[in-house]
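This report refers to the structure that appears directly beneath it.
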Amino acid sequence: NAILRQLRQMQIFLIVIVLVFLFVAIVLAGSLTRAIYRPIKKLTDTVEQVGEGDLSLRAEVETGDEIGILCREFNVMLDDIQELIQKVIEEERLKKDSEIREIEIEDYEEKQEKLNKAALLSEREKGVVACIAQGMSNKEIAEQLCLSVNTVTTHRRNISMKLGIHSAASITIFAIVNKIVEIPGKS
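Just so you know, we're using the numbering used here here: the sequence shown kicks off at 5 and counts up by one.
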C-alpha cells in the first residue's frame, strides 16, 4: 500500500510537472509567435495602405532579421517609386512646356504667313478686299473704286489665288485679321 501511495504521489507529481512545462511551453510559443507575427502584420498593413495610394508611409524596421531586411528593402522600393513618379511628373511638365512652345511657334508662323500674304496684295487689291469685307457687290466695288466690273472680277480672282481663300466670308476675316478693315464700333 505504501509503495502504491508513493507511486501515486510520484504519478501526480509527474503530471503536475508535465502540466507546468506544457503551460510554460504554450506561453513561450505564444510570445514567440507574437514576436514573429507583429512585424509581419505591421509590414502587411503598411503594404495594404501603400497599395491604396499612400506612398508617404514607411514600414517600421524593428528587427535585424529577414523581416527587418524585408522592411528596409520595402522602404527603399517606395523611395525609388516616389523618385520615379517625380521624374515622370517633371518629364510631363517639360513635354507640356515644349508642346506649348511649339503651338506658340506655329501661331507665330501662321501670323507671319498671313502678314506675308497681306504683303502680296497690291494697294488696289487691298481696296477691293476692304470693299468685299464691307459686303459690297462687284458692281458696288467698281463704282466705289472707279473701276469696271471686269477689272473687279479680275482683282477678286487674283486675290483668291494669292491668299488661297475663295469665299467672301473668308476674305472678310482675312481683312479684319490683317487690319485692312476695322470692325465697326472698335477703335
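Beta carbons are placed, not taken as given, at the ideal position from N, Cα and C, and that holds for glycine.
Within a 10 Å sphere around the beta-carbon of L125 sit 16 or more other beta-carbons, which makes this residue buried. Beyond the five residues adjoining it in sequence on each side, R76 comes within less than 6 Å, by CB distance, of V65 in the same chain, given in chain order.
Closest by C-alpha distance to A137, out of I73, T176 and K45, is T176.
In this structure, the straight-line span from the alpha carbon of E127 to that of V181 is close to 17 Å.
Rounded to the nearest whole angstrom, the C-alpha separation of L88 and I109 is 31 Å. N162 carries a helical assignment under DSSP once its states are collapsed to helix, strand and coil. The region 69-83 makes contact with the region 46-54; the number of CB pairs closer than 8 Å reaches 3 or more. For H170, the number of other beta carbons within 10 angstroms of its own is below 16, and it is reported as exposed. Closest option to E70, judged by alpha-carbon separation, among R62, T155, Q53 and P43: P43. In the structure shown, Q13 falls within a helical segment according to DSSP collapsed to helix, strand and coil. In the DSSP annotation of this structure, the continuous segment of the alpha helix (DSSP H) that includes C135 starts and ends at E127 to A137.
Annotated as distal: V132 and A179, with beta-carbon spacing of 7 Å or more. Cβ atoms of E129 and H159 come within 8 Å of each other, at about 6 Å. Take the alpha-carbon of C150 and the one of N162: they are about 18 Å apart.
Under the three-state reduction of DSSP output, S102 falls in the helix class. If you draw a straight line from the Cα of I107 to the Cα of P188, it comes to about 31 Å.
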